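Before any comments, here is the structure.
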Amino acid sequence: MKKEQQLDLYYQMVLIRRAEERGAELYQQGKIGGFMHLYIGQEAVSTGLIAAREPRDRVITAYRDHGVALNCGISANEVMAELLGKATGMSKGKGGSMHMADTSKNMWGGHAIVGGHLPIASGFALGDQYAGNDNITICMFGDGATNIGYFHEALNLAKTWGLRVLWVCENNQYGMGTSVDRASAVTEIRQKAEGYGMKNGQVDGMDVMKVYEAAKEALEFVRKEGQPYLLEIDTYRFRGHSMGDPERYRKAEEVKQWQENDPIGIFNKYLLDKKIATRKVLDEIEARAEDEVNKAVEFAEASPEPTLDELYTDIYAD
Amino acid sequence: MTKGFYDKYGAARVKDTPIAENAIIGGAIGAAMVGQRPVAELMTINFGFSAMDYIVNQAPKLHYMFGGQFTLPMVIRAVGGGGRQLGATHSQTPDAVFAHFPGLKVVSPGTPEDAKGLLKSAIRSNDPILFIEHATMYQVRGEVPEGEYTIPIGKSKVQREGKDLTIVTYCKGLELSVKAADELSKQGIEAEIVDLRTLRPLDMEPVLDSFKKTNRAIVVEEGWKSYGVGSEIVSRIYEEAFDYVDAPIIRVAQKEVPLPYNRTLEQAALPQVADIVAAAKEVMK
Ligand SMILES: Cc1ncc(C[n+]2csc(CCOP(=O)(O)OP(=O)(O)O)c2C)c(N)n1
Ligand SMILES: [Mg+2]
Numbered sequence: 187m188k189k190e191q192q193l194d195l196y197y198q199m200v201l202i203r204r205a206e207e208r209g210a211e212l213y214q215q216g217k218i219g220g221f222m223h224l225y226i227g228q229e230a231v232s233t234g235l236i237a238a239r240e241p242r243d244r245v246i247t248a249y250r251d252h253g254v255a256l257n258c259g260i261s262a263n264e265v266m267a268e269l270l271g272k273a274t275g276m277s278k279g280k281g282g283s284m285h286m287a288d289t290s291k292n293m294w295g296g297h298a299i300v301g302g303h304l305p306i307a308s309g310f311a312l313g314d315q316y317a318g319n320d321n322i323t324i325c326m327f328g329d330g331a332t333n334i335g336y337f338h339e340a341l342n343l344a345k346t347w348g349l350r351v352l353w354v355c356e357n358n359q360y361g362m363g364t365s366v367d368r369a370s371a372v373t374e375i376r377q378k379a380e381g382y383g384m385k386n387g388q389v390d391g392m393d394v395m396k397v398y399e400a401a402k403e404a405l406e407f408v409r410k411e412g413q414p415y416l417l418e419i420d421t422y423r424f425r426g427h428s429m430g431d432p433e434r435y436r437k438a439e440e441v442k443q444w445q446e447n448d449p450i451g452i453f454n455k456y457l458l459d460k461k462i463a464t465r466k467v468l469d470e471i472e473a474r475a476e477d478e479v480n481k482a483v484e485f486a487e488a489s490p491e492p493t494l495d496e497l498y499t500d501i502y503a504d
Numbered sequence: 016m017t018k019g020f021y022d023k024y025g026a027a028r029v030k031d032t033p034i035a036e037n038a039i040i041g042g043a044i045g046a047a048m049v050g051q052r053p054v055a056e057l058m059t060i061n062f063g064f065s066a067m068d069y070i071v072n073q074a075p076k077l078h079y080m081f082g083g084q085f086t087l088p089m090v091i092r093a094v095g096g097g098g099r100q101l102g103a104t105h106s107q108t109p110d111a112v113f114a115h116f117p118g119l120k121v122v123s124p125g126t127p128e129d130a131k132g133l134l135k136s137a138i139r140s141n142d143p144i145l146f147i148e149h150a151t152m153y154q155v156r157g158e159v160p161e162g163e164y165t166i167p168i169g170k171s172k173v174q175r176e177g178k179d180l181t182i183v184t185y186c187k188g189l190e191l192s193v194k195a196a197d198e199l200s201k202q203g204i205e206a207e208i209v210d211l212r213t214l215r216p217l218d219m220e221p222v223l224d225s226f227k228k229t230n231r232a233i234v235v236e237e238g239w240k241s242y243g244v245g246s247e248i249v250s251r252i253y254e255e256a257f258d259y260v261d262a263p264i265i266r267v268a269q270k271e272v273p274l275p276y277n278r279t280l281e282q283a284a285l286p287q288v289a290d291i292v293a294a295a296k297e298v299m300k
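Taken in order, these protein sequences are the chains called H and C. Mapping of the first sequence onto the working numbering: position 92 corresponds to residue 278, and the numbering continues sequentially without gaps. Mapping of the second sequence onto the working numbering: position 165 corresponds to residue 180, and the numbering continues sequentially without gaps.
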């Protein structure tokens with residue numbers, strides 16, 4: 187990967203971290219409501235993954251979607267505005283934290299029913315197959331989502347019909363307060379693809395370059411073979427499941443251990459060690475990300491609320 | 016919600032499930048059929064749609080379809096309702112949808128006393144019961160009788176007496192209607208509130224008794240108006256007490272839109288105390 191792109195990935199990861207931290211503050215101030223799930227700790231996953239896609243590849247994910255939205259090129263302004271429920275958000279303030287999409291960026295949403303978007307991803311790929319192109323649908327979901335029927339129906343369909351889907355399981359070790367081993371018969375999620383005769387792999391999700399390489403390879407396979415692939419990416423969320431999670435189900439010690447593997451720290455060290463960037467350059471990148479987030483918050487706060495007649499728009503297309 | 020259960024009752028009785036609503040409800044059905052008495056927790060009613068076949072197409076049918084050979088003593092507990100800015104898929108009050116199916120009982124309490132008494136009855140009942148609580152009502156405080164008591168399923172109750180008009184409601188609608196009745200009382204209108212408590216089987220007797228006294232009614236529910244609980248109540252009043260009608264009956268319900276995230280819009284879509292007061296004054300004209 188070229189140096190410029192690597193520095194851009196670093197920028198994206200820091201941008202996500204800062205945006206999430208500000209989001210948490212705004213939530214505490216009561217400016218954001220509903221459920222909000224932070225991506226802190228998991229930045230390398232979608233940053234490496236999305237960097238490996240072609241712009242024509244579609245992305246669909248679950249409710250932990252702010253980082254994915256930013257990686258797909260949705261502006262921090264729009265992400266912040268949607269969090270604050272403003273008319274300038276990409277979903278006009280009607281979707282909120284869990285429902286961020288911009289189809290012009292091939293980001294097809296944030297979906298809040300666990301596993302519900304997986305068959306939809308198969309449908310995207312079916313649409314592309316019928317249209318005769320070789321676009322890939324990248325479908326992201328959590329470890330918890332692999333225990334619901336939707337997952338199994340969607341994978342079976344994709345393999346049976348030869349659909350171009352890259353299934354990406356973000357295994358962050360927990361579904362809410364339930365650890366993987368308490369909810370799943372196999373703890374290595376990639377094994378679930380075996381039952382469908384589907385090619386699969388596993389990668390360390392705290393290292394953005396490793397994620398990128400694994401995703402590149404998987405995408406190449408999917409494109410060339412016209413077959414789905416399941417990639418398990420091991421990661422960890424540093425914060426609670428959503429805002430206000432007392433986190434009684436895990437030990438502070440465990441969280442601390444993972445935090446020593448901070449994906450931003452790891453990449454920072456990599457860039458310095460390989461002499462790809464100086465500390466000064468990285469500091470500048472961090473300042474730029476911070477600045478973009480500050481401006482986004484200002485933009486969102488100054489944006490208008492949706493007007494009351496928006497209640498009745500977009501219920502039907504006709 | 017189930018805090019302390021695990022420590023008190025142990026791992027054999029209290030199970031943390033995978034996210035697998037079909038397995039949760041289907042599993043409860045199976046366990047009930049072979050003689051156990053499961054309580055399945057759906058987290059929110061919205062996730063019930065992921066297990067719709069089991070809730071409406073299996074649980075209500077099996078006892079009947081096999082000629083009563085076995086029973087399904089099971090409770091599905093679910094939290095419903097809007098008002099927490101959770102967006103369209105997580106904020107619904109689809110009680111009427113579930114109440115449509117004969118064979119399923121649908122209970123939805125509006126006071127702490129009823130919540131406890133009805134839940135006990137539900138667990139002891141030999142039928143499949145969907146027990147719907149409202150997400151924003153866990154803060155409601157109220158008197159609960161000391162000691163052991165139950166409240167029968169399928170019995171509506173007058174929660175407040177009044178002579179001028181009847182407000183028929185349940186669950187969250189009760190909380191709002193009580194506030195509206197206080198407001199109306201200051202303006203010289205005394206509303207009688209009938210709380211349905213159970214949507215199926217529906218007990219119309221207290222509703223009709225009240226209506227025959229007041230001759231005017233409004234129905235308050237949080238769900239959508241079209242094909243809703245209010246539609247059922249109003250039809251039943253017209254069918255069974257037409258001669259007593261002095262004014263058209265009005266339904267107060269949610270605007271016909273999926274609930275938006277934005278707080279102002281969401282509140283505008285949900286029924287408010289002011290809407291109830293306005294509707295009451297309209298039928299009093
Ligand atoms: C069908 C359904 N059931 C339950 C829920 C409630 N719920 C929301 S997130 C979640 C945990 C999901 O865990 P996982 O898939 O591992 O994703 P993570 O939050 O760890 O990213 C649950 C149970 C839901 N949204 N949808
Ligand atoms: Mg998880």
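Backbone N, C-alpha and C fix where the C-beta goes; we use that ideal spot for every residue, glycine too. Everything numeric in this text was worked out from a predicted model, so none of it was measured.
Suppose you measure from the CA of residue i to the CA of residue j; what does that come to, to the nearest Å?
{"i": "residue 17 of chain C", "j": "residue 456 of chain H", "result": "46 angstroms"}
{"i": "residue 422 of chain H", "j": "residue 356 of chain H", "result": "9 angstroms"}
{"i": "residue 151 of chain C", "j": "residue 100 of chain C", "result": "11 angstroms"}
{"i": "residue 401 of chain H", "j": "residue 281 of chain C", "result": "40 angstroms"}
{"i": "residue 505 of chain H", "j": "residue 319 of chain H", "result": "Chain H is shown from 187 up to 504; residue 505 of chain H falls before or after that span and cannot be answered."}
{"i": "residue 47 of chain C", "j": "residue 502 of chain H", "result": "42 angstroms"}
{"i": "residue 447 of chain H", "j": "residue 359 of chain H", "result": "15 angstroms"}
{"i": "residue 217 of chain C", "j": "residue 79 of chain C", "result": "19 angstroms"}
{"i": "residue 95 of chain C", "j": "residue 239 of chain C", "result": "13 angstroms"}
{"i": "residue 385 of chain H", "j": "residue 379 of chain H", "result": "7 angstroms"}
{"i": "residue 105 of chain C", "j": "residue 198 of chain C", "result": "31 angstroms"}
{"i": "residue 153 of chain C", "j": "residue 214 of chain H", "result": "21 angstroms"}
{"i": "residue 102 of chain C", "j": "residue 233 of chain C", "result": "28 angstroms"}
{"i": "residue 266 of chain C", "j": "residue 236 of chain H", "result": "50 angstroms"}
{"i": "residue 50 of chain C", "j": "residue 327 of chain H", "result": "37 angstroms"}
{"i": "residue 141 of chain C", "j": "residue 431 of chain H", "result": "36 angstroms"}
{"i": "residue 293 of chain H", "j": "residue 243 of chain H", "result": "9 angstroms"}
Compare the beta carbon distance of residue i and residue j with 7 angstroms and say whether it is the shorter of the two.
{"i": "residue 209 of chain H", "j": "residue 269 of chain H", "result": "yes"}
{"i": "residue 134 of chain H", "j": "residue 276 of chain H", "result": "In the structure as shown, chain H begins at 187 and stops at 504. Residue 134 of chain H is therefore absent and cannot be evaluated."}
{"i": "residue 428 of chain H", "j": "residue 223 of chain H", "result": "yes"}
{"i": "residue 489 of chain H", "j": "residue 267 of chain H", "result": "yes"}
{"i": "residue 341 of chain H", "j": "residue 376 of chain H", "result": "no"}
{"i": "residue 137 of chain C", "j": "residue 215 of chain C", "result": "no"}
{"i": "residue 397 of chain H", "j": "residue 234 of chain H", "result": "yes"}
{"i": "residue 225 of chain H", "j": "residue 240 of chain H", "result": "no"}
{"i": "residue 195 of chain C", "j": "residue 288 of chain C", "result": "yes"}
{"i": "residue 349 of chain H", "j": "residue 322 of chain H", "result": "no"}
Could you check which residue in the options has the C-alpha nearest to that of residue i?
{"i": "residue 183 of chain C", "options": "C:128, C:177, C:155, C:245", "result": "C:245"}
{"i": "residue 500 of chain H", "options": "H:264, H:280, H:227", "result": "H:280"}
{"i": "residue 97 of chain C", "options": "H:220, H:228, H:315", "result": "H:220"}
{"i": "residue 146 of chain C", "options": "C:251, C:92, C:55, C:69", "result": "C:92"}
{"i": "residue 307 of chain H", "options": "H:248, H:272, H:271", "result": "H:248"}
{"i": "residue 334 of chain H", "options": "C:41, C:115, C:291", "result": "C:41"}
{"i": "residue 477 of chain H", "options": "H:198, H:191, H:363, H:187", "result": "H:198"}
{"i": "residue 178 of chain C", "options": "C:160, C:200, C:191", "result": "C:200"}
{"i": "residue 467 of chain H", "options": "H:187, H:193, H:441", "result": "H:193"}
{"i": "residue 283 of chain C", "options": "H:439, H:432, H:492, H:463", "result": "H:492"}
{"i": "residue 208 of chain C", "options": "C:202, C:195, C:175, C:219", "result": "C:175"}
{"i": "residue 112 of chain C", "options": "C:81, C:133, C:71", "result": "C:71"}
{"i": "residue 264 of chain C", "options": "C:52, C:222, C:28", "result": "C:222"}
{"i": "residue 43 of chain C", "options": "C:33, C:63, C:55, C:35", "result": "C:55"}
{"i": "residue 482 of chain H", "options": "H:264, H:437, H:300, H:229", "result": "H:264"}
{"i": "residue 444 of chain H", "options": "H:195, H:216, H:227", "result": "H:227"}
How about residue i: is its Cβ closer than 6 angstroms to a heavy atom in ligand 2?
{"i": "residue 227 of chain H", "result": "no"}
{"i": "residue 251 of chain H", "result": "no"}
{"i": "residue 435 of chain H", "result": "no"}
Are there any heavy atoms of ligand 1 lying less than 6 angstroms away from the beta-carbon of residue i, as far as the coordinates show?
{"i": "residue 245 of chain H", "result": "no"}
{"i": "residue 283 of chain H", "result": "no"}
{"i": "residue 65 of chain C", "result": "yes"}
{"i": "residue 300 of chain H", "result": "yes"}
{"i": "residue 525 of chain H", "result": "Residue 525 of chain H is absent from the structure shown; chain H starts at 187 and stops at 504."}
Ranges of the alpha helix (DSSP H) found wholly within the segment 110–149 of chain C, counting only runs of at least 4: Counting only runs of 4 or more, we get 110–114, 127–139.
Ranges of the beta strand (DSSP E) found wholly within the segment 338–382 of chain H, counting only runs of at least 3: If only complete runs of 3 or more residues are kept, the segment 338–382 of chain H shows the beta strand (DSSP E) at 351–357, in order along the chain.
Runs of alpha helix (DSSP H) wholly within the segment 234–296 of chain C (minimum 4 residues, chain order): 244–256, 278–284
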